[in-house]
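Undergrad: Here you go, one structure.
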Amino acid sequence: MLPLPFFKRGLPKWLGESYFNNDIHKFVQDIVDRSISSSMQQADILEKSTAAEIGGEMEIKTAESLQVTTFESHDHVYVKMYIKDPETLSSLKIFHNSNQLMVEGIPNPEARQVITLPSIVRMKDSVSEYRDHYLQIKMKKRNDPQFTEVAVPPAD
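According to the working numbering, the sequence shown is numbered sequentially starting from 10.
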């Protein structure tokens, strides 16, 4: 038997009845099903929203025929552009500063797109690669943000 003081004579009869146990089992199963379905709905909502809050910032922009995705890892910021025709790479010009990327020449020769980067990057150490209709630009993050100390006067 159980050593608990409120079960001195053993288990109560109602705990041994199978119909009641089935009701408890059904109730628990119903609660579990509801909680799983609501959490799955929340996961679907999160999946459909931008992934900026989840694991590395990600931003997707579509302008006319230019599709741009920006995301970051621990050490780099990536900008990925879908380019349908590889012939446009010859007329494409890309510039960047510490927080923006400028793309000139897509979708037409006079077009200019400005993409805000999710993190500050170095001015050098940028590499681009074209593969499977995607141009990917990899920029190294700037690890040492320049802070200047501000003197705080003592309290009188």
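Even glycine gets a Cβ: it sits at the ideal position worked out from N, Cα and C. As the structure is a computational prediction, the values presented were derived from the model and not from experiment.
#1: If you draw a straight line from the C-alpha of Pro116 to the C-alpha of Val88, how long is it?
#2: From the DSSP output, which residues share a beta bridge with Val41?
#3: Quick one: what's got a C-beta closer than 6 Å to Arg131's C-beta in the same chain, skipping five residues either side?
#4: Suppose you measure from the CA of Asp94 to the CA of Asp153; what does that come to, to the nearest Å?
#5: Going by DSSP, name the residue or residues bridged to Gln145.
#6: Determine the burial state of Ile124: buried for a count of at least 16 other Cβ atoms within 10 Å of its Cβ, exposed for fewer.
#7: Compute the Euclidean distance between the alpha carbons of Asp84 and His105, then round it to the nearest angstrom.
TA: Concretely, from the data shown:
#1: 17 Å
#2: Its beta-bridge partners do not exist; DSSP assigns none.
#3: The residues are Lys149 and Arg151.
#4: When only Cα atoms are considered, Asp94 and Asp153 end up about 39 Å apart.
#5: Lys89 and Glu138
#6: It counts as buried.
#7: 17 Å
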